[in-house]
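So in full-length UniProt numbering, spot 185 of the sequence shown is number 185, and the numbers just go up one at a time. Built from N, CA and C at the ideal position, the CB exists for glycine as well.
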Amino acid sequence: MVSAVPILIGTNFSEWKEKVEFTLGVLDLDLALRQDEPDPVTDESTEEEYQLHKAWERANRLSIMFLRMTIASNIKSSLPTADKAKAYLAAIEERFKTADKSLAGKLMADLTTMKHDGTSVDDSFLVQFILNSLPPQYGPFQINYNAIDEKWTSNELTSKLVQEESRLGREGIRVAIMSKELVLKLGIGIKWAIKEHHPE
């Protein structure tokens with residue numbers, strides 16, 4: 001179970017956090033992540049309050065150890081220390097909340113600097129890419145496309161988008177202008193990035 005949790009190296013924060021929370025939950029050690037520290041035990045505390053405090057302290061101590069155990073050494077040394085697991089996890093999250101954005105940027109950079117291998121860009125890929133790029137107001141339009149058996153070419157999509165934009169405009173729905181030039185630019189831009197920008 002514990003071996004299924006990847007070591008946090010910075011670029012895998014989302015996966016790491018999800019698996020850490022799941023593992024601590026399965027091991028019944030996530031109490032300190034779910035609840036703040038209970039009030040200190042006093043002479044007037046009930047047995048239930050005493051047991052809750054004891055369970056919370058154990059979960060907190062083991063959670064911190066588990067978190068530290070699953071973080072790469074070079075990262076661990078740069079993190080602030082904390083005596084509460086919830087605060088420690090929050091500090092780690094604050095540190096790496098942009099890591100996923102950085103990864104997306106890296107993947108996009110990899111895509112645009114890849115050498116062309118001779119594979120052509122299929123028209124159906126372009127159509128799907130453009131459909132996925134549409135704003136939420138085009139939701140019914142996308143559903144309609146997915147519901148029909150017919151597949152559109154990029155030219156047919158351009159024509160239908162112009163019609164849909166006109167329909168939305170008549171209904172008073174504000175939309176980004178999806179002109180023929182924009183659709184063509186999107187399609188040509190993708191083809192250019194994949195085919196022309198990186199010749200063999």
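Secondary structure of residue 27 (DSSP, three-state): coil.
Beta-bridge partners assigned by DSSP to residue 71: 8. Separation of residue 83 and residue 110 (C-alpha to C-alpha, rounded to the nearest whole angstrom) is 40 Å. Around the Cβ of residue 153, a 10 Å sphere holds fewer than 16 other Cβ atoms; the residue is exposed. Look at residue 19 here: in three-state DSSP terms it is helix.
Taking 8 Å as the cut-off, the beta carbon of residue 70 is found no closer than this to the beta carbon of residue 24. Annotated three-state conformation of residue 62 is helix, per DSSP.
With three or more CB-CB distances shorter than 8 Å, the stretch 84-97 counts as touching the stretch 47-66. Taking 8 Å as the cut-off, the Cβ atoms of residue 157 and residue 127 count as close. By alpha-carbon distance to residue 136, the top candidate from 168, 117 and 114 is 168. Assigned with DSSP and collapsed to three states, residue 152 falls in coil, not helix or strand.
The alpha-carbon of residue 66 is positioned some 46 Å away from that of residue 119.
Residue 37 sits in coil when the DSSP states are folded into three classes, being neither helix nor strand. By the neighbour-count definition (other C-beta atoms within 10 Å, threshold 16), residue 143 is an exposed residue. Look at residue 139 here: in three-state DSSP terms it is helix. A Cβ-Cβ separation of about 6 Å places residue 91 in contact with residue 79 under the 8 Å criterion. Each residue's CA atom was taken as its position, placing residue 129 and residue 20 some 34 Å apart.
Put simply, the backbone Cα of residue 10 is about 6 Å away from that of residue 96. Of the residues assessed, residue 15 falls on the exposed side of the cut-off, its CB having fewer than 16 other CB atoms within 10 angstroms.
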